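S.K.: Structure below; questions to follow.
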Amino acid sequence: MHDPQAPLKSFPRKHSHLVCVDSDGTALDTMEVKHKECFIPNTIRYWDLQPVARYARQAAEFVNLYSRDRGINRFPALLKTFDLLEHWPGVPAWAKIPRAEGLRAWIQHETRLNNETLREAAERTGDPDLKRALAWSTAVNETVAITVHHCPPFPFVRESLERLAARADIMVSSVMPAEALAREWNEHGIAQYAALIAGQEMGGKREHIALASEGRYDRERVLMIGDAPADLAAAKANRVRFFPIFPEREAESWRLMYAEAAEKFLGDGYDDAYEGALIAGFEKSLQEKPSWMT
Ligand SMILES: [Mg+2]
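Written out as C-alpha cells, the structure is:
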C-alpha cells in the first residue's frame, strides 16, 4: 500500500545536524496574501457568511495572522473562526454561524488533516459538513494556485539556507499541500537547499520532525525554524531546538539566524539560555484574545 510518509521514514541523512523550516510566514512572505485573498473570500462564500462578512474577515485574520493559533492547520483554524463568531457580541443574533459538527468530529480522530483524508471520510460517511469542507478546501487550493505568485522569501532566508545547507540537512515542514510548497519554493530557487519538502499529506509538523529525525540525529542537533506557536509545540513535543521568526519582524529574525544563530546551532552552542530568551520574546509577541473581547 502507498505510504505517504515513506519519504520521512527514509529521510536521507547526510550531515550530523537537521534543520526543519516552516514555509508560510517563516521562509516566504505569503501569509497576508494567502489568508486575505485566498482563504477568507472562500470561507465567506462556502460557509454562507456573506451577511457577517465584516466579522468573519476580522475573526479569520485574528486566528490565522495575529493570535497564538497563527499557523495551525486550515481545518481547526476554520472551526476557531466559527467559534469566535459565535461568541462575538457584535455579531447579530439572527446570523447563522456554522457549527460544522461533522468536521469537528473528523478533526477529533484524524491526525492527517488534508484533502485526501477528508475526501475519503466524506465519501465513506456522506456527511454534509465534510463535503462542504472539502469543497471549501479545494477552492482555497485553486485560489492559491492562481493568486500566490511573486511572493519572495524574506531577506536573509536564501543566505541562511545556503549557510545551513553546507553543514546540515534541511527539510521543509509545513501544513500546506505539497503541490503549493514545491511550486513556491521552486519559483524562488530555494527548493535546492531542501532534502525533502513535507506538506500536509505527510501529517503534521510534530510527525514530520519525529519521523525524519528519530534514530538519525541527536535531539540537540535538530532545529525547527517557525513563526507560530504550533511550530514551537512541534519542536517541544520532539524535544528538539526552536528558532522563532517573529511575525512582522521576519527580516530581523533571519538576519540573526544568518549572522549568529546558524553558527551557534552548527557549532553545538545553541543552548537553553540562548533559545530560552528567543522563545520568551516570541511568546510575548502574539495575542491571546482578540481586541473585541478585551
Ligand atoms: Mg508559518
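If you're matching positions, the sequence shown starts at 28 in the working numbering and goes up one per residue.
Glycine residues also receive a C-beta, built at the ideal position from the N, C-alpha and C atoms.
Everything numeric in this text was worked out from a predicted model, so none of it was measured.
Residue range of the beta strand (DSSP E) that R268 falls in?
M.R.: Per DSSP, R268 belongs to the beta strand (DSSP E) from R268 to P271.
S.K.: For a test of the three-state rule: what should DSSP assign to A80, helix, strand or coil?
M.R.: Looking at A80 - three-state DSSP - the assignment turns out to be helix.
S.K.: Suppose only complete runs of 3+ residues qualify. What are the beta strand (DSSP E) ranges in the segment 222-251, listed by chain order?
M.R.: You should have 223-225.
S.K.: Below 8 Å, how does it come out for the segment 154-163 and the segment 39-53: are there three or more Cβ pairs, yes or no?
M.R.: Contact between the segment 154-163 and the segment 39-53 is absent, because fewer than three Cβ pairs lie under 8 Å.
S.K.: May I ask you to check if the CB of D96 is nearer than 7 Å to at least one heavy atom of ligand 1?
M.R.: No, the Cβ of D96 stays beyond 7 Å of every heavy atom of ligand 1.
S.K.: Grab me the residues of P256's own chain with a C-beta within less than 6 Å of its C-beta, minus the 5 sequence neighbours each way, in chain order.
M.R.: The answer, listed in chain order, is R95.
S.K.: Let's test the definition: count the other Cβ atoms within 10 Å of the Cβ of I236 and tell me whether it reaches 16, buried, or not, exposed.
M.R.: Buried.
S.K.: Which runs of the alpha helix (DSSP H), 4 residues or longer, sit entirely within the segment 166-203?
M.R.: Correct list: 184-192.
S.K.: Name the one or two DSSP bridge partners that Q314 has.
M.R.: Q314 is bridged to S94.
S.K.: On a Cα-Cα basis, can you pick out the residue from K63, P68 and A80 that is closest to E88?
M.R.: Ranking the options by Cα distance to E88, first place goes to K63.
S.K.: Can you give me the start and stop residues for the beta strand (DSSP E) that L293 sits inside?
M.R.: It is not in any beta strand (DSSP E) - L293 instead sits in the alpha helix (DSSP H) that spans A289 to L293.
S.K.: Can you list, in chain order, the residues of its chain whose CB lies under 6 Å from that of P34, leaving out five sequence neighbours each side?
M.R.: If we look at P34 and ignore the five residues flanking it on each side, its Cβ neighbours are L223.
S.K.: Is DSSP giving V46 helix, strand or coil here?
M.R.: Here V46 sits in strand by DSSP.
S.K.: Can you check DSSP and say which residues form a bridge with D51?
M.R.: Paired residue(s): L55.
S.K.: Between the C-alpha atoms of R159 and G303, what's the straight-line distance to the nearest angstrom?
M.R.: If you take the alpha carbons of R159 and G303, they lie about 42 Å apart.
S.K.: I'd like to check one pair, A149 with L13: are the Cβ atoms closer than 8 Å?
M.R.: Within the shown structure, residues of the chain are numbered from 28 to 321, placing residue 13 beyond reach of any answer.
S.K.: Going by the beta-carbon positions, is the gap between R194 and L293 smaller than 8 Å?
M.R.: Yes, the pair counts as a contact, with Cβ atoms nearer than the cut-off.
S.K.: Could you check the C-alpha separation between I124 and E113 for me, to the nearest Å?
M.R.: If you take the alpha carbons of I124 and E113, they lie about 6 Å apart.
S.K.: Can A122 and V79 be called in contact, C-beta distance under 8 Å?
M.R.: Yes. Within cutoff.
S.K.: Straight-line CA distance for Y244 to A132?
M.R.: When rounded, the distance between both Cα atoms is 36 Å.
S.K.: From the DSSP output, read off the bridge partner residues of G253.
M.R.: DSSP, once it has assigned bridges, lists P271 as partnering G253.
S.K.: So, at 6 Å on beta carbons, what are the nonlocal neighbours of K232 in its own chain, with the 5 sequence-adjacent residues on each side left out?
M.R.: The residues are S200 and A261.
S.K.: Nearest by alpha-carbon distance to R282: which of T174, R84, L111 and P180 is it?
M.R.: When each option's Cα is compared against that of R282, the closest is P180.
S.K.: Can you check whether the CB of Y82 is closer than 8 Å to the CB of G129?
M.R.: No, these two residues do not count as a Cβ contact at 8 Å.
S.K.: Should M284 go down as buried or exposed, given a rule of 16 or more other Cβ atoms within 10 Å for buried?
M.R.: With 16 or more other Cβ atoms within 10 Å, it is buried.
S.K.: Given that a residue counts as buried once 16 or more other Cβ atoms are within 10 Å of its Cβ, and exposed if not, what is S318?
M.R.: That one is exposed.
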